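Peer 1: Provided herewith is a single structure, encoded as structure tokens, for subsequent inquiry.
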Ligand code: CAA
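Residue numbers (this note's numbering): 372 to 629.
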């Protein structure tokens with residue numbers, strides 16, 4: 372595994388854990404951190420032994436308080452364009468299921484990073500939001516789009532136009548947070564969820580992720596087509612034979628990732 376300055380990477384059995392590690396700056400996402408994150412996630416994505424990834428923030432105060440404002444303050448549009456925003460696209464394309472474990476602030480790019488994940492576990496005191504309007508910009512890593520697709524137009528407009536924060540409980544009521552847990556338990560619960568995902572047939576998990584993502588990115592007709600093709604494709608895997616044979620033989624399947 373490569374050496375990183377702003378993130379920590381570890382593994383627990385079949386689960387990879389990536390920690391944003393700038394706690395004094397509330398894990399603010401500078402360009403290098405986001406590039407390291409994309410590199411690390413791609414590296415883990417290639418590791419067939421890792422079947423689910425947890426993304427979390429170091430310290431008790433924040434998952435991430437957004438893009439690094441101090442770094443951005445003097446940037447030109449061209450510097451922003453060429454400064455590494457492509458890394459967000461690389462994170463979006465990770466095949467392995469991603470779970471965000473959020474405690475404290477998930478603001479701006481932090482909220483957007485959590486929404487790049489496939490499931491979100493958050494503590495009762497977690498605060499999400501897109502406060503960019505307060506510094507004269509707007510969300511730039513998918514916040515307007517992903518929030519609107521889940522919360523709807525009106526609540527999203529309120530958040531994006533006022534910069535107000537929103538609780539984990541309210542996001543859970545809208546289906547944007549999977550589990551709301553007491554402070555300090557986010558990693559434990561995320562790990563339990565990740566281990567359940569990691570126990571499934573990994574190729575099926577990847578294609579399930581791809582198929583659900585298609586619901587946000589294509590028309591219904593294209594999404595249905597993609598789901599059907601992925602479903603048929605899985606009939607070429609040993610794990611599909613094993614899974615169905617195990618059901619018939621009334622035993623637990625032993626998935627190999629092939
Ligand atoms: N960028 C850079 N540094 C940040 C930061 C950020 N986004 N958020 C916090 N920090 C730093 C603070 O400057 C401070 O550093 P110093 O001790 O050196 O002064 C340290 O982290 C602790 O923060 P605060 O003292 O501000 O802590 P607080 O408890 O008073 O407030 C907070 C917490 C409400 C989260 C506040 O820090 C805050 O408003 N942060 C900025 C949130 C924000 O606007 N995020 C959006 C960024 S733009 C973006 O993300 C664009 C995009 O779409 C990709």
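Cβ coordinates follow ideal geometry from the N, Cα and C atoms, glycine included.
Source: prediction; values computed, not measured.
Output the distance between the C-alpha atoms of residue 521 and residue 487, rounded to the nearest integer angstrom.
Peer 2: Taking the straight line joining both Cα atoms gives about 13 angstroms.
Peer 1: Between the Cα of residue 408 and the Cα atoms of 453, 469, 538, which residue gives the shortest distance?
Peer 2: Nearest of 453, 469, 538 to residue 408, Cα basis: 469.
Peer 1: What does the Cβ neighbour count give for residue 574, buried or exposed, with the cut at 16 atoms within 10 Å?
Peer 2: The residue in question, residue 574, is buried, as its Cβ has 16 or more Cβ neighbours within 10 Å.
Peer 1: Which of helix, strand or coil does DSSP assign to residue 558?
Peer 2: Here residue 558 sits in helix by DSSP.
Peer 1: Would the C-beta of residue 502 count as close to the ligand CAA, meaning under 8 angstroms from any of its heavy atoms?
Peer 2: At least one heavy atom of the ligand CAA is nearer than 8 angstroms to the Cβ of residue 502, so yes.
Peer 1: Which of the three DSSP states, helix, strand or coil, is assigned to residue 548?
Peer 2: Residue state, collapsed to three classes: coil.
Peer 1: Figure out for me which residue from 565, 570, 605, 560 has the closest Cα to the Cα of residue 582.
Peer 2: Among 565, 570, 605, 560, the Cα nearest to that of residue 582 is on 605.
Peer 1: Please classify residue 501 as buried or exposed, where buried requires at least 16 neighbouring CB atoms within 10 angstroms.
Peer 2: Flag for residue 501 reads buried.
Peer 1: With a Cβ-Cβ cutoff of 9 angstroms, do residue 428 and residue 438 count as a contact?
Peer 2: No, Cβ-Cβ distance for residue 428 and residue 438 is not below 9 angstroms.
Peer 1: Identify the continuous beta strand (DSSP E) that holds residue 494 and give its terminal residues.
Peer 2: Residues 490-494.
Peer 1: What I want to know is whether the C-beta of residue 473 ends up closer than 8 angstroms to one or more non-hydrogen atoms of the ligand CAA.
Peer 2: No; taking the cut-off as 8 angstroms, the Cβ of residue 473 has no heavy atom of the ligand CAA nearer than that.
Peer 1: Do residue 433 and residue 475 have their CB atoms nearer than 9 angstroms?
Peer 2: Contact flag set, yes.
Peer 1: Return the first residue and the last residue of the beta strand (DSSP E) that residue 391 is part of.
Peer 2: Run containing residue 391: 386-391, per the beta strand (DSSP E) assignment.
Peer 1: For residue 430, which residues of its own chain have a beta-carbon under 6 angstroms away from its beta-carbon, when the five flanking residues on both sides are left out?
Peer 2: So the qualifying residues of the chain are 394.
Peer 1: Cβ of residue 528 within 8 angstroms of any heavy atom in the ligand CAA?
Peer 2: Residue 528: no, Cβ never under 8 angstroms from the ligand CAA.
Peer 1: Nearest to residue 425 by alpha carbon, out of 564, 534, 601?
Peer 2: The candidate whose alpha carbon is nearest that of residue 425 is 564.
Peer 1: Using DSSP bridges, identify the partner residues of residue 423.
Peer 2: 386, per the DSSP bridge assignment.
Peer 1: Out of 485, 467, 422, 584, point me to the one whose CA is closest to residue 398's CA.
Peer 2: The shortest Cα separation from residue 398 among 485, 467, 422, 584 belongs to 485.
Peer 1: Report the partner residues of residue 433 according to the DSSP bridge assignment.
Peer 2: 476, per the DSSP bridge assignment.
Peer 1: Would you kindly report the start and end of the unbroken alpha helix (DSSP H) that includes residue 403?
Peer 2: Per DSSP, residue 403 belongs to the alpha helix (DSSP H) from 402-416.
Peer 1: Three-state secondary structure (DSSP) at residue 590?
Peer 2: Residue 590: coil per DSSP, three-state reduction.
Peer 1: Can residue 493 and residue 542 be called in contact, C-beta distance under 9 angstroms?
Peer 2: Closer than 9 angstroms, so yes.
Peer 1: Tell me whether residue 378, by its Cβ, gets closer than 8 angstroms to a heavy atom of the ligand CAA.
Peer 2: For the ligand CAA, not one heavy atom lies less than 8 angstroms from the Cβ of residue 378.
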